[in-house]
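*Asks:* In full-length UniProt numbering, the protein residues as written are 1 to 423.
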Amino acid sequence: MIHEDIVLDGSKAFWRMLVPRLKAERWLLGLTALLAALATVAGIHFLVVLPFWIVLAAALLNRSAPSVLPKAAKAAKVAAVAGAASDALIPALNALDMPVLVVAVDETVVFQNIAAEKAFGTIPPNSYLAARVRSPGILDMVRETIATGKINQIEHTERLPSDAVYVVRVAPAEIGGDGPWRRIFLLTYRDISQARRIDRMRSDFVANASHELRTPLASLRGFIETMQGPARNDAKAQEKFFGIMHEQATRMSRLVDDLLSLSRLELKSHIAPDDTIDLRPLLGHVRDSLAPLAGDLDVTITLTMPETPVVVQGDRDELIEVFENLIENACKYGQEGKRVDVELSGDDGGQAEVVVRDYGPGIPAEHVPRITERFYRVNVEASRSKKGTGLGLAIVKHILTRHRARLLIHSELGKGTVFTVRF
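1) Roughly how many angstroms separate the alpha carbons of Ala237 and Val206, rounded to a whole number?
2) Counting along the chain, where does the alpha helix (DSSP H) carrying Arg402 start and finish?
3) Between which two residues does the alpha helix (DSSP H) holding Ala119 run?
4) Helix or strand or just coil, what does DSSP make of Gly314?
5) Just checking my contact of Thr417 with Gly362 at CB under 8 Å: how many whole Å lie between their CB atoms?
6) Give a yes or no on whether the C-beta atoms belonging to Val354 and Phe375 are separated by under 8 Å.
7) Can you tell me whether Gly243 is buried or exposed, with buried defined as 16 or more other CB within 10 angstroms of its CB?
8) By how many angstroms is the C-alpha of Lys338 removed from the C-alpha of Glu412?
9) Starting from Val421 and walking both ways along the alpha helix (DSSP H), at which residues does that stretch end?
10) Do Val342 and Val399 count as a contact pair if the criterion is CB distance below 8 Å?
11) Taking DSSP's pairing of strands, which residues face Tyr128 in a bridge?
12) By alpha-carbon positions, which one of His410, Leu265 and Phe223 ends up nearest to His246?
13) Going by Cα to Cα distance, which pick from Val142, Asn152, Gly295 and Ala231 is closest to Lys332?
14) So the candidates are Met227, Pro230, Arg169 and Arg214; which of them puts its Cα closest to the Cα of Val256?
15) Spatial neighbours of Thr420 within its chain, please: CB distance less than 6 Å, with the 5 preceding and 5 following residues excluded, ordered by chain position.
16) With a Cβ-Cβ cutoff of 8 Å, do Asp275 and Gln313 count as a contact?
17) Could you check what DSSP says for Pro361 in three-state terms: helix, strand or coil?
18) Looking only at its own chain, which residues have a Cβ that is under 6 Å from the Cβ of Ala119, when we skip the five neighbours before and after it?
19) Which class does Arg280 belong to by DSSP, given the choice of helix, strand or coil?
20) Given this structure, state the Cα-to-Cα distance separating Pro136 from His367, to the nearest angstrom.
21) For Ala92, count neighbouring C-beta atoms within 10 Å of its own C-beta (all shown protein chains included) and say buried if the count is 16 or more, exposed if not.
22) Under 7 Å Cβ to Cβ from Leu293, same chain only, skipping five residues before and after it: list those, please.
23) Relative to the alpha-carbon of Pro369, which residue among Gln351, Lys397 and Gly360 has its alpha-carbon at the smallest distance?
24) Thinking C-alpha only, which one of Gly149, Ile151, Leu101 and Gln153 is nearest Ala130?
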């Protein structure tokens with residue numbers, strides 16, 4: 001199809017160059033017409049005049065050819081380059097991981113790459129951009145670029161099928177030749193959704209951390225001022241206030257420790273541990289260390305394990321922190337069920353799985369996807385009363401990510417919650 005277009009373009013270019021040349025030789029054409037008329041009046045037969053006409057046409061074409069034929073060949077070459085450029089551009093655009101729409105001067109979409117098709121669905125060729133893109137900001141930007149030739153970009157948010165933020169950029173491109181690819185405009189969509197989510201999480205984290213530290217600090221400051229003033233000589237009040245101040249200081253210490261732990265995990269989240277750990281003695285150690293807490297809460301921890309070793313690659317201290325967090329949470333928040341079951345399955349070299357099950361009130365379904373977020377709490381007052389920092393499950397998630405493991409959460413109201421760690 002491209003070669004046929006090149007031939008047609010070359011023929012058009014030839015005749016466009018030949019017609020002006022014929023106009024320039026009109027005096028010769030006029031003299032020839034006069035001679036033909038005189039020959040006809042003199043009774044000379046047409047066949048006698050024909051050879052003269054043929055010689056004259058050959059001479060005229062010979063004079064025109066040096067200027068016309070090279071220009072026709074040049075036009076055909078330009079058309080060939082334009083066709084080759086568009087053919088080379090298509091696979092290059094398809095190789096990009098960002099959506100790209102190729103828009104013509106008349107605001108029709110002449111091409112969309114594979115990424116654009118996945119993101120926005122199939123756009124039939126030569127469809128008007130306004131029929132497919134509903135954003136007035138994008139349409140106005142494209143029209144301005146078509147009119148001025150200047151590069152433009154805006155930030156655009158898509159709400160359906162899910163929230164996505166793009167930097168949409170339009171830039172002109174000159175390929176040459178004829179057809180829809182002669183002058184095109186590349187409309188690109190760069191997805192910055194993840195960066196925006198990270199920025200939002202960072203700002204939320206700073207706000208939440210500041211709030212969590214402000215509360216115990218305010219308590220400490222208030223009690224210190226009270227003991228310096230009205231309770232200066234009240235030994236009984238001072239003893240009570242010292243106990244509360246110690247509790248608030250301990251809470252701040254736990255919060256700072258958890259924040260430092262998160263920061264440390266983020267720094268090495270891309271480095272997988274390479275030590276081999278047998279989960280059986282590790283879980284036994286965690287159960288023994290939490291036995292006093294479980295006794296105070298009147299909760300029984302049962303541990304079920306296979307007889308053969310269950311070995312995984314991991315960091316011993318970090319895995320202890322994971323299972324201490326999960327089992328401690330099960331004891332505290334599932335205290336009503338009076339029992340926490342911990343079950344280890346798997347074998348040496350196979351898939352390992354640890355299930356921590358409590359029989360407490362359960363977690364409402366709308367909270368389950370978010371409980372591993374930093375400072376996210378289902379019940380703020382209950383969490384603080386149980387001395388939680390709101391960072392335990394976030395730490396668990398980061399550690400398991402570093403260990404290339406998964407945390408699965410299943411909960412039913414009134415039946416309890418199940419946390420499954422799958423290696």
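Built from N, CA and C at the ideal position, the CB exists for glycine as well.
*Replies:* Let me lay it out:
1) For the purposes of this step, residue 237 is taken as the residue at position 237 of the sequence shown. For the purposes of this step, residue 206 is taken as the residue at position 206 of the sequence shown. The C-alpha of Ala237 lies about 35 Å from the C-alpha of Val206.
2) Counting from 1 along the sequence shown, the entry for residue 402 is found at position 402. Gly392 to Arg402 is the extent of the alpha helix (DSSP H) around Arg402.
3) In the sequence shown, residue 119 corresponds to position 119, counting from 1. According to the DSSP assignment, Ala119 belongs to the alpha helix (DSSP H) that extends over Ile114 to Phe120.
4) The residue labelled residue 314 in the question sits at position 314 within the sequence shown. Here Gly314 sits in coil by DSSP.
5) For the purposes of this step, residue 417 is taken as residue 417 along the sequence shown, with counting starting at 1. For the purposes of this step, residue 362 is taken as residue 362 along the sequence shown, with counting starting at 1. About 6 Å; that satisfies the 8 Å criterion.
6) Residue mapping note: residue 354 aligns to position 354 of the sequence shown, counting from 1. Residue mapping note: residue 375 aligns to position 375 of the sequence shown, counting from 1. No.
7) Your numbering for residue 243 matches position 243 in the sequence shown. Result: exposed.
8) Here the question's residue 412 lines up with position 412 in the sequence shown. Here the question's residue 338 lines up with position 338 in the sequence shown. Taking the straight line joining both Cα atoms gives about 17 Å.
9) Taking the sequence shown and counting its residues from 1, one reaches residue 421 at position 421. Under the DSSP assignment, Val421 falls outside any alpha helix (DSSP H), being part of the beta strand (DSSP E) whose first and last residues are Gly416 to Arg422.
10) Here residue 399 refers to the residue found at position 399 when the sequence shown is read from its first residue. Here residue 342 refers to the residue found at position 342 when the sequence shown is read from its first residue. First, the amino acid is wrong: residue 399 is Ile here, not Val. No, the Cβ-Cβ distance between Ile399 and Val342 is not below 8 Å.
11) As a working note, residue 128 is residue 128 in the sequence shown. Thr108.
12) In the sequence shown, residue 246 corresponds to position 246, counting from 1. The shortest Cα separation from His246 among His410, Leu265 and Phe223 belongs to Phe223.
13) To locate residue 332, count along the sequence shown from 1; it is residue 332. Checked all of Val142, Asn152, Gly295 and Ala231; the closest Cα to Lys332 is Gly295.
14) What you label residue 256 is simply residue 256 of the sequence shown in a count that begins at 1. Residue Arg214 is the option with its Cα nearest to Val256.
15) Position 420 of the sequence shown holds residue 420. Cβ neighbours of Thr420 beyond the five flanking positions: Val355 and Leu408.
16) Position 275 of the sequence shown holds residue 275. Position 313 of the sequence shown holds residue 313. Going by C-beta atoms, Asp275 is nearer than 8 Å to Gln313.
17) Translated into the one-based positions of the sequence shown, residue 361 becomes position 361. In the structure shown, Pro361 adopts coil according to DSSP, grouped into three states.
18) Position 119 of the sequence shown, counted from the first residue, corresponds to residue 119. Cβ within range, chain order: Pro99.
19) Counting from one through the sequence shown, the residue named residue 280 turns up at place 280. Helix, per DSSP.
20) As a first step, residue 136 must be located in the sequence shown, where it is residue number 136. As a first step, residue 367 must be located in the sequence shown, where it is residue number 367. Distance between the alpha carbons of Pro136 and His367 is about 37 Å.
21) One-based indexing of the sequence shown puts residue 92 at position 92. Sixteen is the threshold: since fewer than 16 other Cβ atoms of the shown chains lie within 10 Å of the Cβ of Ala92, the residue is exposed.
22) For the purposes of this step, residue 293 is taken as residue 293 along the sequence shown, with counting starting at 1. Around Leu293, the same chain offers Glu328 and Cys331 as residues with beta carbons nearer than 7 Å, after the five sequence neighbours per side are excluded.
23) The sequence position of residue 369 within the sequence shown is 369, counting from 1. Checked all of Gln351, Lys397 and Gly360; the closest Cα to Pro369 is Lys397.
24) In the sequence shown, counting from the first residue as 1, residue 130 sits at position 130. The shortest Cα separation from Ala130 among Gly149, Ile151, Leu101 and Gln153 belongs to Leu101.
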